[in-house]
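One structure is given below, encoded as structure tokens.
There are 2 protein chains.
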Amino acid sequence: MVETTTGTRTENCAGLPLYERRPEGQDKYTISEVATLTGLTAHTLRWYERIGLMPHIDRSHTGQRRYRNRDLDWLDLVGKLRLTGMPVADMVRYAELVREGDHTYAERFDLLKSTREDVLARIAELQDTLSVLDRKINFYADAGQALASERAS
Amino acid sequence: MVETTTGTRTENCAGLPLYERRPEGQDKYTISEVATLTGLTAHTLRWYERIGLMPHIDRSHTGQRRYRNRDLDWLDLVGKLRLTGMPVADMVRYAELVREGDHTYAERFDLLKSTREDVLARIAELQDTLSVLDRKINFYADAGQALASERAS
DNA sequence: CGCTTGCTTGGAGCGCACTCCAGGGTTTTA
DNA sequence: TAAAACCCTGGAGTGCGCTCCAAGCAAGCG
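Structure below.
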């Protein structure tokens, strides 16, 4: 199978991925299963690992990756942070803090709080943009009305 | 002056740019003035023009750009759209529609409306992310509490 | 007049986040 | 057991949005 994001993906009526997580204990996924579950490509998953964005990923006896539920949880978080526009390098930094252990709690806390502020700021920006957009949309709606009544007269 | 965004920029106490727009009729700005007003670099302004993102910009008798208030308005809109994550190519498309004249009103309207939908979706995503972030922040706050009381005992 | 500063152009370069390739080994299916 | 599908690695390539460079013209100042 050619590696792709847009390949055959089983979906339910709501368009949500149907592939389900396996219960704790039997949670072993190949890279392409994780690609299906996360929407990332296998390429990207390997690349995330290379740059240090992932925790240690288990391997099968022949060296193939076997992801577990906690890895999916991590990828969910990464996906969310990516949506906020956080640079990958910053996420790598956070991943490093997690790997370094409990004594980095304070730093992680600070990082999360400042990310939170960034997200709030971005939401505010977007709402500002939304109002500009609405003004313009109203303008065009009015202009459309004017043109229509012109044609009608 | 070396071209930069972070150079000397006059600011008021609120950190807002103090450079003011000139009244209609005397509204002529050099490229570096526009850079100051918009926060873009002169490089970027010229690049925007090259790729077709700008309307026609007036020139002085020696060929230097002389921006006008309407150009600043346009750059404000571009800045807002950029914040939504809209690709520059799409903004160029919008600019083309504006240049093509009144008969593109309908298409511009549609473009604005679908952009509006995108912005709403992004806001929803960010709010979702925010709640994940808040859960994690609470977790770390609790963990911090636990560590503190451990040290106290 | 020379000096500094700013503006002009086409084209090259950069950083980010992937995205893909070559060449090989493994696993599943018919 | 053989073909098809999948997985591995290091490294090269891509697209976007700038960002900068070289070489030259122009305006203001002492």
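Going line by line, the protein sequences match chains A and B. Counted from 1, the first sequence has number 119 at position 119 by my numbering; the numbering is strictly sequential. Heads up, my numbering is the position in the second sequence plus 153, with the first residue counted as 1. Even for Gly, the Cβ is constructed at its ideal location relative to N, Cα and C.
- prompt: Per DSSP, what kind of secondary structure is aspartate 211 of chain B in: helix, strand or coil?
  reply: Working through the second sequence from its first residue, we reach residue 211 of chain B at position 58. Residue state, collapsed to three classes: strand.
| message | With distance defined between alpha-carbon atoms, name the residue in B/Val231, B/Leu230, B/Met207, B/Gly232 nearest to tyrosine 220 of chain B. | response | Taking the second sequence and counting its residues from 1, one reaches residue 220 of chain B at position 67. The candidate whose alpha carbon is nearest that of tyrosine 220 of chain B is B/Met207.
Point to revise | Cβ-based neighbour list, lysine 28 of chain A, same chain, cut-off 8 Å, excluding 5 preceding and 5 following | key: If you number the first sequence from 1, residue 28 of chain A lands on position 28. Closer than 8 Å at Cβ, skipping near neighbours: Arg22, Asp58, Arg66, Tyr67, Arg68.
TODO: Return no unless some Cβ of chain B is closer than 8 Å to the Cβ of threonine 84 of chain A.
DONE: Here residue 84 of chain A refers to the residue found at position 84 of the first sequence. At least one chain B Cβ lies under 8 Å of threonine 84 of chain A.
With C-beta atoms as the reference, is arginine 275 of chain B less than 8 Å away from leucine 126 of chain A?
Your numbering for residue 275 of chain B matches position 122 in the second sequence. Your numbering for residue 126 of chain A matches position 126 in the first sequence. The answer is yes: Cβ separation under 8 Å.
Taking buried to mean at least 16 other C-beta atoms within 10 Å of its own C-beta, is aspartate 224 of chain B buried or exposed? Here the question's residue 224 of chain B lines up with position 71 in the second sequence. Under this definition aspartate 224 of chain B is a buried residue.
Worksheet item: Which residues of chain B have a Cβ atom closer than 9 Å to the Cβ of valine 119 of chain A, listed in chain order?
Response: Here residue 119 of chain A is taken as the residue at index 119 of the first sequence, counted from 1. Within chain B, the residues near valine 119 of chain A are Leu279, Gln280, Thr282, Leu283, Leu286.
Listing by chain order, which chain B residues have their CB less than 9 Å from the CB of glycine 144 of chain A? Along the first sequence, read from residue 1 onward, the residue named residue 144 of chain A stands at position 144. The contacting residues are Tyr258, Ala259, Phe262.
message: Determine, for leucine 77 of chain A, whether the minimum Cβ-Cβ distance to residues of chain B falls below 8 Å.
response: Indexing the first sequence from 1 puts residue 77 of chain A at position 77. For leucine 77 of chain A, the answer is yes, since a Cβ of chain B falls inside 8 Å of its Cβ.
**Message:** Please list the terminal residues of the continuous alpha helix (DSSP H) segment that includes aspartate 43 of chain A.
**Reply:** If you number the first sequence from 1, residue 43 of chain A lands on position 43. What sits at residue 43 of chain A in the sequence shown is histidine, not aspartate. From DSSP, the alpha helix (DSSP H) with histidine 43 of chain A extends over 42-50.
Drop a sphere of 10 angstroms on the beta-carbon of valine 231 of chain B, count the other beta-carbons inside from all chains shown, and report buried for 16 or more, exposed for fewer. Here residue 231 of chain B refers to the residue found at position 78 of the second sequence. Its Cβ being crowded by 16 or more others within 10 Å, valine 231 of chain B is buried.
Next on the checklist: Within 8 Å of any Cβ in chain A, is that where the Cβ of arginine 199 of chain B sits?
Outcome noted: Position 46 of the second sequence, counted from the start, is the residue given in the question as residue 199 of chain B. By this cut-off, arginine 199 of chain B is not an interface position.
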